[in-house]
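Chemist:
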Amino acid sequence: MDSRVIYPELSYTLTGICFVAHDEVGLYGKEKHYCDIVARELAVKKIPHEREVTIADTGNRVDFIVDGKILLECKSKRMLTKEDYAQTQRYLQITGLKLGLLVNFRDKYVKPERIVRIDTDRAQKYRM
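According to the working numbering, the sequence shown is numbered sequentially starting from 2.
Rendered as structure tokens:
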């Protein structure tokens with residue numbers, strides 16, 4: 002694997018877990034149903050995780066922080082928007098995590114989007 006890829010093994014495992022959730026629920030489940038299966042599979046694989054983590058004083062909640070390394074944000078909507086990507090980037094800025102996976106379970110084929118935290122001066126606009 003490319004050595005520049007952040008957390009390749011863990012993100013590969015998370016992608017597989019997302020496939021399991023998508024296979025079990027199908028295209029039109031609610032976000033909570035997918036998250037329940039993701040949480041179950043993380044527990045089965047004994048991967049440390051926190052669910053619905055409130056971040057900072059914003060009141061915002063991240064769906065999962067996995068192994069203290071990867072932020073996992075689950076969606077169940079027709080299509081992801083720029084705001085979904087910006088939201089994940091804001092969460093990365095606030096938590097200081099390097100990698101976020103944004104997953105839309107409504108897609109016919111699940112393909113987690115890898116979002117890397119911006120480490121430039123432009124990142125300041127995401128800070129709260």
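Every residue, glycine too, gets a C-beta built ideally from N, C-alpha and C.
Can you tell me whether DSSP reads T89 as helix, strand or coil?
Modeler: Helix at T89.
Chemist: At the level of alpha carbons, what is the spacing between D24 and G69?
Modeler: So the alpha carbons of these two residues sit roughly 26 Å apart.
Chemist: Is P113 a contact residue of the ligand HEM, with contact defined as CB to any heavy atom under 6 Å?
Modeler: Among the components modelled here there is no ligand, and therefore nothing to report on the ligand HEM.
Chemist: Assign R118 to buried or exposed, taking buried as 16 or more other Cβ atoms, counted over all protein chains shown, within 10 Å of its Cβ.
Modeler: R118 is buried by the Cβ-count criterion.
Chemist: For K83, does the three-state DSSP call read helix, strand or coil?
Modeler: Three-state result, K83: helix.
Chemist: What does the alpha-carbon distance come out to for the pair K83 and I56?
Modeler: Their Cα atoms are separated by approximately 21 Å.
Chemist: What does a CB cutoff of less than 8 Å around V26 pick up in its chain, not counting 5 residues either side in sequence?
Modeler: Excluding positions up to five away in sequence, the list reads H34, Y35, I38, F106.
Chemist: State the Cα-Cα distance for the pair V63 and S77, rounded to the nearest angstrom.
Modeler: If you take the alpha carbons of V63 and S77, they lie about 15 Å apart.
Chemist: Spatial neighbours of Y86 within its chain, please: CB distance less than 8 Å, with the 5 preceding and 5 following residues excluded, ordered by chain position.
Modeler: Excluding residues within five positions, the ones whose Cβ falls inside 8 Å are L103, E114, I116.
Chemist: Around the Cβ of L93, are there at least 16 other Cβ atoms within 10 angstroms (buried) or fewer (exposed)?
Modeler: The residue in question, L93, is buried, as its Cβ has 16 or more Cβ neighbours within 10 Å.
Chemist: Taking the straight line between their C-alpha atoms, what separation do you get for R41 and L98?
Modeler: In a straight line, the C-alpha of R41 is about 23 Å away from that of L98.
Chemist: So the candidates are V6, I48, T96; which of them puts its Cα closest to the Cα of V54?
Modeler: That would be T96, whose Cα lies nearest to the Cα of V54.
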